[in-house]
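*Asks:*
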Amino acid sequence: LNESAVIVRGDQQIYLAGIDDAHCFKVDNIEKAASRIPSGKFSILLSHTPEIYRQAAHANFNLLLSGHTHGGQICLPGSIPIILDAVLPRRMGAGAWKYHNMTGYTSVGAGSSVVPVRFNCPPEITLHCLHSG
Numbered sequence: 331l332n333e334s335a336v337i338v339r340g341d342q343q344i345y346l347a348g349i350d351d352a353h354c355f356k357v358d359n360i361e362k363a364a365s366r367i368p369s370g371k372f373s374i375l376l377s378h379t380p381e382i383y384r385q386a387a388h389a390n391f392n393l394l395l396s397g398h399t400h401g402g403q404i405c406l407p408g409s410i411p412i413i414l415d416a417v418l419p420r421r422m423g424a425g426a427w428k429y430h431n432m433t434g435y436t437s438v439g440a441g442s443s444v445v446p447v448r449f450n451c452p453p454e455i456t457l458h459c460l461h462s463g
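Everything in the sequence shown is counted per our numbering, starting at 331 for the first residue and increasing by one.
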């Protein structure tokens, strides 16, 4: 972990980086993961938690894909989470969001944590399609 790799298709490249769990173990190293990504190239950061959104944007990642929050798991009507178990704005706890020039997506996932129940927070498995623009 804390590494990156390049995916090449024809003449296009996407840099993909992954970091260790920043929420539980705090051994993430975004600088190391980004160190081999050339400036200006499209890059995606995979992180268990979205809590590192500021550091990811500062490291110039274009897209942050994460999970951890389970979307709150137990939500008020309208999928409003009661608790996210993450230090971040509530709007970043589930679904698509923007922070400065970076796009993020926090998956609510398909499982549960602590208690095996979900209220007003249906599970999801997402498919992300990337298009050059």
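Note that CB positions come from ideal geometry on N, CA and C, so glycine has one too.
All values derive from a computational prediction rather than experimental measurement.
(1) Cα separation between Ala-440 and His-378?
(2) Does the beta-carbon distance from Ala-363 to Asn-332 come in below 7 angstroms?
(3) Considering only the alpha carbon of each residue, which of Gly-370, Leu-394, Ser-443, Ala-426 lies closest to Ile-360?
(4) In the structure shown, what three-state DSSP assignment does Glu-381 receive?
(5) Determine whether the beta carbon atoms of Tyr-345 and Val-338 lie at a separation below 7 angstroms.
(6) By DSSP, does Gly-408 sit in helix, in strand, or in coil?
(7) Quick check on DSSP: helix, strand or coil for Glu-333?
(8) What number of angstroms, rounded off, separates the C-alpha of Gly-401 from the C-alpha of His-430?
(9) Does DSSP put Lys-428 in a helix, in a strand, or in coil?
(10) Please report the distance separating the alpha-carbon of Gly-425 from that of Gly-340.
(11) Once the 5 residues before and after Thr-433 are set aside, which same chain residues still bring their CB inside 8 angstroms of it?
(12) Taking only three categories from DSSP, how would you classify Gly-340?
(13) Start and end of the alpha helix (DSSP H) containing Ile-367?
(14) Look up Phe-391 in the DSSP assignment and give the residues it is bridged to.
*Replies:* On the basis of the data shown:
(1) Within the sequence shown, the letter at position 110 stands for residue 440. Within the sequence shown, the letter at position 48 stands for residue 378. Distance between the alpha carbons of Ala-440 and His-378: 14 angstroms.
(2) Walking along the sequence shown from the start, residue 363 turns up at place 33. Walking along the sequence shown from the start, residue 332 turns up at place 2. Going by C-beta atoms, Ala-363 is nearer than 7 angstroms to Asn-332.
(3) Walking along the sequence shown from the start, residue 360 turns up at place 30. Here the closest residue by C-alpha is Leu-394.
(4) Walking along the sequence shown from the start, residue 381 turns up at place 51. DSSP places Glu-381 in helix when its eight states are reduced to three.
(5) Counting from one through the sequence shown, the residue named residue 345 turns up at place 15. Counting from one through the sequence shown, the residue named residue 338 turns up at place 8. Not a contact, by the Cβ cut-off of 7 angstroms.
(6) Residue mapping note: residue 408 aligns to position 78 of the sequence shown, counting from 1. Three-state result, Gly-408: coil.
(7) Along the sequence shown, one-based indexing puts residue 333 at 3. Strand, per DSSP.
(8) Within the sequence shown, residue 401 is the residue found at index 71, counting from 1. Within the sequence shown, residue 430 is the residue found at index 100, counting from 1. Using only the alpha carbons, I get a separation of about 22 angstroms.
(9) Working through the sequence shown from its first residue, we reach residue 428 at position 98. Looking at Lys-428 - three-state DSSP - the assignment turns out to be strand.
(10) The residue given as residue 425 occupies position 95 in the sequence shown. The residue given as residue 340 occupies position 10 in the sequence shown. Looking at the two C-alpha atoms, the distance is approximately 31 angstroms.
(11) Position 103 of the sequence shown, counted from the start, is the residue given in the question as residue 433. Contacts found: Asn-392, Leu-393, Leu-394, Ala-426, Trp-427.
(12) The residue labelled residue 340 in the question sits at position 10 within the sequence shown. Looking at Gly-340 - three-state DSSP - the assignment turns out to be coil, as it is neither helix nor strand.
(13) Translated into positions along the sequence shown, residue 367 becomes position 37. Looking at the DSSP string, Ile-367 is not in any alpha helix (DSSP H), and its letter there is neither H nor E.
(14) Within the sequence shown, the letter at position 61 stands for residue 391. Phe-391 pairs with nothing; no bridge assigned.
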